[in-house]
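Take a look at the structure set out below.
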Amino acid sequence: MEIQHINTELLTRGRLETTIIRVESPLLFWVQLKNGEQDLKELEEELNFRMSRRATYLYIWPDQMRVDMDVAVKDR
1485 MEIQHINTEL
1495 LTRGRLETTI
1505 IRVESPLLFW
1515 VQLKNGEQDL
1525 KELEEELNFR
1535 MSRRATYLYI
1545 WPDQMRVDMD
1555 VAVKDR
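This note's numbering puts the first residue of the sequence shown at 1485, with every later residue one more than the last.
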């Protein structure tokens, strides 16, 4: 992921509540707007619901795996 600069003239003049979600260093960190937190939770719940319904179709046999293929392993 490339770091992109933002145009500070487009920022709101008031305060926005945020949550720090990841810190790499004092000068490099990720934040999330508080007003989008509920939307994110709803999207995550919907995605988890849809993927759990499709999980029975999402499998791969060991002989179908290839080098550099992305796979996920579920521990029973």
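Glycine included, C-beta positions come from ideal geometry on N, C-alpha and C.
Original post:
Candidates W1514, R1497, T1496 and L1527: which alpha carbon is nearest T1503's?
Top reply: When each option's Cα is compared against that of T1503, the closest is W1514.
**OP:** Go to E1501, then tell me how far its alpha helix (DSSP H) extends in each direction, as first and last residue.
**Re:** It is not in any alpha helix (DSSP H) - E1501 carries neither H nor E in the DSSP assignment.
Original post:
For L1517 versus L1495, is the C-beta spacing smaller than 8 angstroms?
Top reply: At least 8 angstroms separates the beta-carbon of L1517 from that of L1495.
Original post:
Near I1505, what residues of its chain come up, given a Cβ to Cβ distance below 6 angstroms and the 5 sequence neighbours on each side ignored?
Top reply: Around I1505: W1514 and Q1516.
Subject >> Alpha-carbon to alpha-carbon, A1556 and Q1548 >> reply: Distance between the alpha carbons of Q1548 and A1556 is about 14 angstroms.
Subject >> Which listed residue (D1554, P1546 and I1487) has its alpha carbon closest to that of L1512 >> reply: The shortest Cα separation from L1512 among D1554, P1546 and I1487 belongs to I1487.
Original post:
Going by beta carbon distance, what residues of the same chain come within less than 7 angstroms of I1544, once the five residues before and after it are set aside?
Top reply: Excluding positions up to five away in sequence, the list reads V1555.
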